[in-house]
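Residue numbers (the numbering used here): 13 to 175.
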Amino acid sequence: MKIIINKTNAILSGFTALFMSMFCIYYLKSGMYPEAPVFLIIALIFSCLFIRNASSLTVTQNSVSRSFFGFRKKELLWADVKEVGLIGENVFSHNKNRTGHKYIYISPRSMTQKERFDMIVKWPPKNILYMEYSKKNLEYTMAIWGKELKTYNVEDLFPNTED
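Shown next as structure tokens:
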């Protein structure tokens, strides 16, 4: 099953990169050379965000891998996976029903609650594969994983979990 990591952010960052690139080209053609590099830098930043968010996560019976246009960046065998979890990004909200954007993560190491909190604060993680939460993605991943799902800051979905 192929899953785009974050469709909404991919669309927004791709559109912004394209828009800023057009501004850069316009300023270069108009002879406004000091302004063009600013828009080029902004376009490059949003291009990097587009690549990160538009990458796809392929979940199979044997492994999980992240790739962009067919080029594999990282692969993790299920035998090497130590933890699969669901996290909510908005850890600083005092309202338990506003947990923010949710992600499913697949980690090669077990984590404590503090490590999960640190992972969210320093989002996106470098050595951990992740995808945007949807019920379908979670059910498919858990059918393959078959072990306990770790949760952090997702009381709106799982009200009886403790952080």
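Don't be surprised by glycine CBs; every beta carbon is placed ideally from N, CA and C. As the structure is a prediction and not an experimental result, all values here were calculated from the model.
Problem - Range covered by the beta strand (DSSP E) that runs through F80 - result: Looking at the DSSP string, the run of the beta strand (DSSP E) that includes F80 is 75-80.
Practice task
Quick one: grab the DSSP three-state call for I53.
Solution key: Correct three-state label for I53: helix.
Handout entry: Selection from E101, C60, G97 that minimises the alpha carbon distance to W157
Key = The shortest C-alpha separation from W157 is found at G97.
Handout entry: C-alpha gap between T28 and K19, whole angstroms
Key = Distance between the alpha carbons of T28 and K19 is about 14 angstroms.
Problem - Through-space distance from P120 to E144, alpha-carbon basis - result: So the alpha carbons of these two residues sit roughly 18 angstroms apart.
Practice task
Report the option in Y164, V93, T163, V166 whose CA atom is closest to the CA atom of N139.
Solution key: Residue V93 holds the alpha-carbon nearest to the alpha-carbon of N139 among Y164, V93, T163, V166.
Practice task
Identify whether S68 lies in helix, strand or coil by the three-state DSSP scheme.
Solution key: Of the three classes helix, strand and coil, the one that applies to S68 here is strand, per DSSP.
Problem - Of the listed residues E95, K134, I116, nearest to T124 (C-alpha basis) - result: Per the Cα distances, E95.
Practice task
Indicate whether the contact test is met: 3 or more Cβ pairs, each with one atom in the segment 27-46 and one in the segment 57-68, closer than 8 angstroms.
Solution key: Contact holds: three or more Cβ-Cβ distances are below 8 angstroms.
Problem - 7 angstroms Cβ shell around A91 - same chain, five flanking residues per side excluded - result: Closer than 7 angstroms at Cβ, skipping near neighbours: no residue.
Exercise for the section: Could you have a look at E87 and say whether DSSP puts it in helix, strand or coil? Expected result: Strand, per DSSP.
Exercise for the section: Given a cut-off of 8 angstroms, decide if L141 and L40 are closer than it, judged by their beta-carbon atoms. Expected result: Against a cut-off of 8 angstroms, the Cβ pair of L141 and L40 comes out as no contact.
Handout entry: M34 versus P136 - alpha carbon distance
Key = Between M34 and P136, the C-alpha separation is close to 28 angstroms.
Practice task
Within the same chain, show all residues whose beta-carbon is closer than 7 angstroms to that of S122, passing over the 5 residues directly before and after it, in chain order.
Solution key: Cβ contact annotation for S122 (same chain, cutoff 7 angstroms, sequence separation greater than five): K94, E95, in chain order.
Handout entry: Inter-residue spacing [alpha-carbon to alpha-carbon] between E160 and L150
Key = Rounded to whole angstroms, E160 to L150 spans 12 angstroms at the Cα level.
Problem - Backbone CA spacing between I46 and I16 [nearest angstrom] - result: According to the sequence provided, residue 46 is Pro. The question's Ile does not apply to it. Approximately 37 angstroms between the Cα atoms of the pair.
Handout entry: Given K162 as reference, the closest of K86, R78, Y115 once Cα atoms are compared
Key = Among K86, R78, Y115, the Cα nearest to that of K162 belongs to Y115.
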